[in-house]
Structure formats: C-alpha cells, structure tokens
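The structure under discussion appears below in the form of structure tokens.
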Amino acid sequence: MILRAAFVLVLAAGLAAFTYLWLERGGLKAWVALACRAIAWAALGLLLLNLSCPVTGSPRRPLVLLDASLSLSAPGARWTEARDSAAVWGEVRRFGDERGSTDTLPTRGRTLLLPALVAAAASDRPVVIVSDGEIEDAVDLPPDLLARVAVRLFPRAVRPDLALTRVTAPARVTVGDSIPIEVEVRAVGGATADSVRVEVVLGRKRLAARTLPLRSGGARGRLAVSSAAVGAGEQVLRVSLVGAGDAEPRTDARLHIVTVAPTPGVVLLAGPADWDSRFLYRTLREVAQLPVRGFARLDPERWRSMADLAVVPTETVRQAARRADLLIRMGPAGSLGDGSAARGIWRWAAGSDSSALPGDWYLSAGAASPVAGAFLGQPVDSFPPALQLTPLESEPGEWAALSAQLGRRGAPRAAVVG
Numbered sequence: 068m069i070l071r072a073a074f075v076l077v078l079a080a081g082l083a084a085f086t087y088l089w090l091e092r093g094g095l096k097a098w099v100a101l102a103c104r105a106i107a108w109a110a111l112g113l114l115l116l117n118l119s120c121p122v123t124g125s126p127r128r129p130l131v132l133l134d135a136s137l138s139l140s141a142p143g144a145r146w147t148e149a150r151d152s153a154a155v156w157g158e159v160r161r162f163g164d165e166r167g168s169t170d171t172l173p174t175r176g177r178t179l180l181l182p183a184l185v186a187a188a189a190s191d192r193p194v195v196i197v198s199d200g201e202i203e204d205a206v207d208l209p210p211d212l213l214a215r216v217a218v219r220l221f222p223r224a225v226r227p228d229l230a231l232t233r234v235t236a237p238a239r240v241t242v243g244d245s246i247p248i249e250v251e252v253r254a255v256g257g258a259t260a261d262s263v264r265v266e267v268v269l270g271r272k273r274l275a276a277r278t279l280p281l282r283s284g285g286a287r288g289r290l291a292v293s294s295a296a297v298g299a300g301e302q303v304l305r306v307s308l309v310g311a312g313d314a315e316p317r318t319d320a321r322l323h324i325v326t327v328a329p330t331p332g333v334v335l336l337a338g339p340a341d342w343d344s345r346f347l348y349r350t351l352r353e354v355a356q357l358p359v360r361g362f363a364r365l366d367p368e369r370w371r372s373m374a375d376l377a378v379v380p381t382e383t384v385r386q387a388a389r390r391a392d393l394l395i396r397m398g399p400a401g402s403l404g405d406g407s408a409a410r411g412i413w414r415w416a417a418g419s420d421s422s423a424l425p426g427d428w429y430l431s432a433g434a435a436s437p438v439a440g441a442f443l444g445q446p447v448d449s450f451p452p453a454l455q456l457t458p459l460e461s462e463p464g465e466w467a468a469l470s471a472q473l474g475r476r477g478a479p480r481a482a483v484v485g
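Under this note's numbering, think of the first position of the sequence shown as 68, with each following residue one higher.
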C-alpha cells in the first residue's frame, strides 16, 4: 500500500513538472502553480487508489451475557467467580426472567437465555455466555446463534437438600371447618434422610405437625388445622420443615394465606345427590370467592359432606343452611332450608325429577330481572337447546330470568325464576 502511494506521489509530481516546465515552459515563475497542480493530482490519485479511506480502529469489547438466576446464589454456586470473570472478558449484560432488574445479585426466578441472545447477536459484537449450565430454554436456542458465541460454564456443586416443593390448602374456609393442607417434600442432591417432620405455625403458635416417611426421594402428606385455632379474618400460615439441617434453608418453608369467614358462604343441599349436584359443587369451588360447603343425601336419613362423603349430623346441616350467605337447594331437601337468613336462595329442581319435560327447549332472556346484565352480549337465542325442562311456577312478585319454548313454538315456560 505504501509503495503504491509513493508511486502516485511521484507520478503526480512528474506530470505537473512536465506540464509547466516542458509544455508551457514557464520557468521559475511556474514553480508555485507546479506545486499546487502536483498536490491536487496526488490527492486525486490517492483517492482513486483507495476510495473508502478505511481507518483501522481498536476492536470492540465482547458482549458478556451473565446468568443472574437464583441457581447462582444457591449453595455450591460460583457467583463471585462468574461475575468477576465476566467483568474481565467484556461488557456485562445480565439475563434471567422477563422482568428488568438492576439488582447486582442473582435474584431472577427463571433462566431464559433466548431473548438476551437474540438481542446480543443483533449487535454484531463477539458474544460470551457465562452460566452454571442450568438454562431453562436451552432446547429453544437456535443452533446458528449458538455456533457464533463462546460459552463459559461455572457449574454448581450439587449438595444434599430437602425441599418443600408444594403446599396446597383452601384460600377461604368457614369458622368451625378444618383446614386441610396438602404438602409435598422432595429429596435432591443425594439427601439420605428417611423421614422429615413438617409443621404448621401461626406466628409463634404451632397448629399442627406430622412426620412423613421419605420413599423414592419424596413424600406427600396431609395436615389438618382447626379454623378455631387460626381465628377469624385473614391469616398467614407458615408451613416448614423442622430440623432439615441442609445446605439450602430457603426451600424449607412456604407461606399460605387463608381467610376464615364467620359465615358458611355458599351452602349446597343436594337431596338426593346426582351428577348435576356434583358438577355444580366442583364448579362453585373453582370460581366462587366464598367458602363452599356441600351436603348430599345418599339415603333418606343421613347427610354426607360432598368433600369427603363423611356422615354429617342433620343439625349441622340445618345450622349451615340457616347461616349461609347463599343457599342452593337441589331437589327436595325437606325443611332444612326453612328460616334461613341467606341473602339469596337458589332452588334447583333435581334432574331426576319425574315431572321434567323432555324435548328441545330453546332459551330466551327475560324482559327484566336482577340478573339480566349477565346475559348482555350473550346470544342466548343461539344456544343449543336444553334436553329437558322442569316446570316452574312463578309466584306473585317473582321474575323470570330465562324462558324456554319447545321447538321454538308454543307458549314460553319459565326456566329460571327468582
């Protein structure tokens, strides 16, 4: 490159001299013009020789993607070593879950590399990945992107640990009910314990405790807590492993919020029990924001809890029906619901009722009712027909939320009244 530039300079000077000293014979007076012409031709020649005029700059620092998930703060992890090495290797960018975080500690709950890797690859800089190798979306990483990056692993030394992996309990119960708490414990990292003790505490008060045997690296169990011991209102229960003594204490406890309501909430009386009542009970428990208690009559004289089919005294069922916020009576429940102070009573005729009328019953919304807003925007007229209809008689002062016609002909019959 230097030789070619020198040749261009000599050629430009020679051409300028030939023009002013030989062709125009300007003599000494032409030296100024000769020098200017030589400079101009030399500049033009150098531009033609290398038009882009590239300048060699310093190489850009690599972009280092540092794993900032919780696994790098667990016992046996090498967070300090990984962080210091990443700072030496290039410009550090932390990755983990979707949320942005300015925390300098590994506190992210997931290890998602793909979004950070795609963004780093678009920068056209060398990319280095620093991690312990526990990448959640490793199978989703494109092979072409992985081929362009360098990976530096700081594997975590696995240590024995007992972890409370699952705690399941109802969010709302009624005063007098028991609170069933389902727990699951897992032994990882070669933990050799043959049993583990689980306890439930409220503040400094221990409510329940149980020892669970560990089989095949895990254990499941159930603890029952009396709602009377918990107290009314919203309470925070702490479920923990006692005496685990492992390397990771953060996996030994979980919190559960439970609300103890003074009233039974929703009470369902199904007499006799059928598939409709079972389906309604499960649906109410999934969607209702109140405690749901269900009682089914499987024989003429005894009521059973729909939760576990335990026999329940008739007086207990009567008291629950009287104190309920919403009472649902499916089928003939006798006089159990009489005198109830419930704010709403839902009478649902049993599907097995012999008075039910079979056929294709097409529904339509009523003119005006307190629940008319629930049908706004719903194409009730386009719903598939009901297979049977239990005749209902509207009393004076009652309203009909839905009516039905057999085959879209004949007089409409009330389907939902209140």
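Don't be surprised by glycine CBs; every beta carbon is placed ideally from N, CA and C.
Worksheet item: What does Phe-362 pair with, by DSSP beta-bridge criteria?
Response: DSSP lists Leu-336, Ser-372 as partners of Phe-362.
Item to complete: Please list, in chain order, all residues of the same chain as Arg-175 whose beta carbon is under 6 Å from its beta carbon, the five residues on each side excluded.
Response: Taken in chain order, the residues that qualify are Ala-135, Ser-136, Gly-163, Asp-164.
Fill in: Residues near Asp-207 by beta carbon distance below 6 Å, same chain, minus five either side
Cβ neighbours of Asp-207 beyond the five flanking positions: Leu-181.
Worksheet item: Nearest to Ala-214 by CA position, among Leu-172, Pro-193, Val-234, is which residue?
Response: Across the set Leu-172, Pro-193, Val-234, the C-alpha of Pro-193 shows the shortest separation from the C-alpha of Ala-214.
Fill in: Counterpart residues of Leu-350 in DSSP-defined beta bridges
According to the sequence as given, residue 350 is Thr; it is not Leu. As far as DSSP is concerned, Thr-350 takes part in no beta bridge.
Fill in: Collapsed DSSP secondary structure at Phe-85 in the structure displayed
Here Phe-85 sits in helix by DSSP.
Discussion item. In this structure, how does DSSP classify Arg-226 when only helix, strand and coil are distinguished?
Written reply: Here Arg-226 sits in coil by DSSP.
Item to complete: Pair every Cβ in the stretch 376–385 with every Cβ in the stretch 316–333, then say whether three or more of these pairs are closer than 8 Å.
Response: Here the stretch 376–385 does not lie against the stretch 316–333, with fewer than 3 beta-carbon pairs under 8 Å apart.
Discussion item. Taking its Cβ as the centre, do 16 or more other Cβ atoms sit within 10 Å of Thr-178, making it buried, or is it exposed?
Written reply: Within a 10 Å sphere around the beta-carbon of Thr-178 sit 16 or more other beta-carbons, which makes this residue buried.
Practice prompt. Could you tell me if Arg-349 is buried or exposed, where buried requires 16 or more neighbouring beta carbons within 10 angstroms of its beta carbon?
Written response: So Arg-349 ends up on the exposed side.
Practice prompt. Please state if the CB of Pro-142 and the CB of Arg-226 are separated by a distance shorter than 7 Å.
Written response: Between Arg-226 and Pro-142, the C-beta spacing is below 7 Å.
Worksheet entry | Gln-386, enclosing alpha helix (DSSP H) - first and last residue | That run of the alpha helix (DSSP H) goes 381–390.
Worksheet item: Under a three-way DSSP split, which group does Thr-330 fall into?
Response: Note: Thr-330 maps to coil in three-state DSSP.
Discussion item. I'd like to confirm the pairing. Which residues does DSSP put opposite Ile-395 in its beta bridges?
Written reply: The beta-bridge partner set that DSSP reports for Ile-395 consists of Leu-335, Trp-413.
Fill in: Range of the contiguous alpha helix (DSSP H) that encloses Ile-106
Annotation for Ile-106: the continuous alpha helix (DSSP H) segment containing it runs 98–116.
Discussion item. Report the start-end ranges of each alpha helix (DSSP H) in the stretch 190–225 that is 4 residues or longer and not cut off at the edges.
Written reply: Whole alpha helix (DSSP H) segments, 4+ residues: 210–213.
Worksheet item: Could you check where the beta strand (DSSP E) with Leu-132 kicks off and where it finishes?
Response: Under the DSSP assignment, Leu-132 falls in the beta strand (DSSP E) whose first and last residues are 130–134.
Worksheet item: Going straight from the alpha carbon of Gln-302 to that of Pro-222, what length do you get?
Response: The straight-line gap from Cα to Cα measures roughly 41 Å.
Discussion item. Short of 6 Å in beta carbon distance, which residues of its chain neighbour Ala-275, apart from the five on each side in sequence? Order them along the chain.
Written reply: Exclusion of the five residues before and after Ala-275 leaves Val-267, Leu-290, Val-292 as the residues of its chain whose Cβ lies within less than 6 Å of its Cβ.
Worksheet item: Excluding the five sequence neighbours on either side, which residues of its own chain have a C-beta within less than 8 Å of the C-beta of Asp-261, listed in chain order?
Response: Cβ within range, chain order: Pro-280, Leu-281.
Fill in: Of the listed residues Pro-463, Phe-450, Gly-464, Gly-485, nearest to Ala-496 (C-alpha basis)
Outside the shown range of the chain, which is 68 to 485, sits residue 496, and nothing can be said about it.
Item to complete: Please name the residue, chosen from Gly-310, Gly-338, Ala-374, Thr-241, that lies closest to Ser-294 on a Cα-to-Cα basis.
Response: Among Gly-310, Gly-338, Ala-374, Thr-241, the Cα nearest to that of Ser-294 is on Thr-241.
Discussion item. Given this structure, state the Cα-to-Cα distance separating Ala-97 from Leu-78, to the nearest angstrom.
Written reply: Answer to the nearest angstrom: the Cα atoms are 18 Å apart.
Worksheet item: Around the C-beta of Phe-362, are 16 or more other C-beta atoms found within 10 angstroms, so that it is buried, or is it exposed?
Response: The residue is buried, with at least 16 neighbouring Cβ atoms inside 10 Å.
Worksheet item: Looking at the structure shown, is Trp-466 part of a helix, part of a strand, or coil, going by DSSP?
Response: Looking at Trp-466 - three-state DSSP - the assignment turns out to be coil, as it is neither helix nor strand.
Worksheet item: How is Thr-235 classed by DSSP in three states: helix, strand or coil?
Response: In this structure, Thr-235 counts as strand in the three-state DSSP scheme.
Worksheet item: Got a sec, what are the start and stop residues for the alpha helix (DSSP H) Ala-432 sits in?
Response: For Ala-432, there is no enclosing alpha helix (DSSP H); the residue is found in the beta strand (DSSP E) stretching over 424–432.
Worksheet item: How long is the line joining the alpha carbons of Arg-271 and Asp-313, rounded to whole angstroms?
Response: C-alpha of Arg-271 to C-alpha of Asp-313: approximately 23 Å in a straight line.
Fill in: Val-334 vs Arg-352 beta-carbon contact at 7 Å
Contact flag unset, no.
Practice prompt. Reducing DSSP to helix, strand and coil, say where Phe-162 ends up.
Written response: If DSSP states are grouped into helix, strand and coil, Phe-162 belongs with the strands.
Item to complete: Measure the CB-CB distance between Gly-411 and Leu-473 and report whether it falls below 7 Å.
Response: No, they are not a contact pair.
Worksheet entry | Test item: CB-CB of Val-66 and Glu-465 under 7 Å | In the structure as shown, the chain begins at 68 and stops at 485. Residue 66 is therefore absent and cannot be evaluated.
Worksheet item: Thinking C-alpha only, which one of Trp-413, Glu-148, Arg-476 is nearest Leu-459?
Response: Answer by Cα proximity: Trp-413.
Worksheet item: Starting from Leu-184 and walking both ways along the alpha helix (DSSP H), at which residues does that stretch end?
Response: Per DSSP, the continuous alpha helix (DSSP H) segment holding Leu-184 begins and ends at 181–188.
Discussion item. If contacts are defined as beta-carbon pairs under 8 Å, then Ala-328 and Arg-239 qualify, I think. What distance do you get, rounded to the angstrom?
Written reply: About 6 Å separates the beta carbons of Ala-328 and Arg-239, which is inside the 8 Å limit, making them a contact pair.
Worksheet entry | Beta-carbon spacing of Val-263, Arg-277 below 7 Å | Taking 7 Å as the cut-off, the Cβ atoms of Val-263 and Arg-277 do not count as close.
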